[in-house]
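Just so you know, the numbering used here puts 68 at position 80 of the sequence shown, and the rest follows in order with no gaps. Here a beta-carbon is modelled for each residue, glycine too, at the ideal position from N, C-alpha and C. These numbers come from a predicted model, not from an experiment.
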Amino acid sequence: MKIDDPDTIKTDLLEPLDYDYRTRRDIHIVIEQPEYSSVCPRTGLPDTGCITISYVPDHTIIELKSLKLYLLQYRNVGIFYENIVNCILDDLVAVLQPKKMTVTGKFTPRGGITSTVTAAFP
């Protein structure tokens, strides 16, 4: 099995949309991807879990199909949990420039150990 490098993730798939109510009020958006998968870079075994993206938009929001296609790219990528949430956060912040954002990965148990990793902006 070939394991792809994290640098193969294309951020140009992420499509921002105008947040039409930005001059009226802030909103808090929570998006969950409960079927996230990638590959352990050491063992080649699949890693699965739930990625939760929580943010307060400024001028733009994410188009959900583009986010789905972006996250699907990780399926064959060898990447550690800590790097996953940081990469997703960095990519989304670069595209959306939100007021604030948190990305949490709650990964399914392997060998009796579960991991939850959170990265935040700012």
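Check your understanding: Is the beta carbon of Pro86 sitting closer than 9 Å to the one on Pro45?
Key -> Cβ atoms of Pro86 and Pro45: closer than 9 Å.
Review point. Under 9 Å, do Glu20 and Ile39 count as touching if we go by C-beta distance?
Key: Remark: C-beta atoms of Glu20 and Ile39 approach each other more closely than 9 Å.
Exercise for review: Note down the Cα distance separating Pro(-6) from Thr106, rounded to an integer number of angstroms.
Suggested key: The alpha-carbon atoms of Pro(-6) and Thr106 are separated by roughly 19 Å.
Review point. Is DSSP giving Leu2 helix, strand or coil here?
Key: Note: Leu2 maps to coil in three-state DSSP.
Check your understanding: Helix, strand or coil: which one does DSSP assign to Arg63?
Key -> In this structure, DSSP gives Arg63 a helical state, which the three-state scheme calls helix.
Check your understanding: Expressed to the nearest angstrom, what Euclidean distance is found between the alpha-carbon atoms of Glu3 and Leu52?
Key -> Glu3 and Leu52 have their C-alpha atoms roughly 8 Å apart.
Practice item. With DSSP as the reference, label Lys56 as helix, strand or coil. Key: Per DSSP, reduced to three states, the secondary structure at Lys56 is helical.
Review point. On the three-pair Cβ rule with 8 Å, is the region 66 to 73 touching the region 19 to 36?
Key: Yes: at least three Cβ pairs fall under 8 Å.
Check your understanding: By how many angstroms is the C-alpha of Arg12 removed from the C-alpha of Ile(-9)?
Key -> In this structure, the straight-line span from the alpha carbon of Ile(-9) to that of Arg12 is close to 46 Å.
Practice item. With Tyr146 as the anchor, note down where its alpha helix (DSSP H) starts and where it stops. Key: Past the edges of the chain, shown from -11 to 110, lies residue 146, and the structure says nothing about it.
Exercise for review: Going by CA-CA distance only, name the one from Pro97, Thr102, Pro34, Leu80 that's closest to Leu1.
Suggested key: With distances taken between Cα atoms, Leu1 lies closest to Leu80.
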